[in-house]
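Here's the structure, in structure tokens; my notes come after.
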Amino acid sequence: MDTSRKLGILIVFGVPVIVGGGITYALFGGMVPVMIWEVILLLIAGGLVSK
């Protein structure tokens with residue numbers, strides 16, 4: 631996988647981090663669930679990029 635595709639995947643994962651983080655904060659009212667959400671997405675994105 632070339633570098634531009636890897637960067638594109640990371641940029642595309644930025645949208646769910648921002649939007650999902652806001653939704654998670656609104657639902658749970660704290661930063662701990664938001665951090666858990668972001669770590670989960672980071673692991674998924676890292677898995678896709680490292681292939």
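Basically this note's numbering = 1-based index in the sequence shown + 630. Don't be surprised by glycine CBs; every beta carbon is placed ideally from N, CA and C. Being a predicted model, the structure only gives us computed values, none of them experimental.
Got a sec? Which residues, its chain only, sit under 8 angstroms from residue i by beta carbon, not counting five neighbours each side?
i	result
Val679	Met631, Lys636, Ile639, Leu640
Thr633	none
Hey, residue i and residue j are a contact pair by Cβ (cut 8 angstroms); roughly how many whole angstroms apart?
i	j	result
Leu671	Pro646	6 angstroms
Gly651	Val664	5 angstroms
Ordered along the chain, which non-local residues of its own chain (more than five positions away) have a Cβ less than 7 angstroms from that of residue i?
i	result
Val662	none
Trp667	Gly650, Gly651, Thr654
- prompt: In the stretch 638-681, which residue ranges form an unbroken alpha helix (DSSP H) of at least 4 residues, counting only runs that do not cross its ends?
  reply: 661-679
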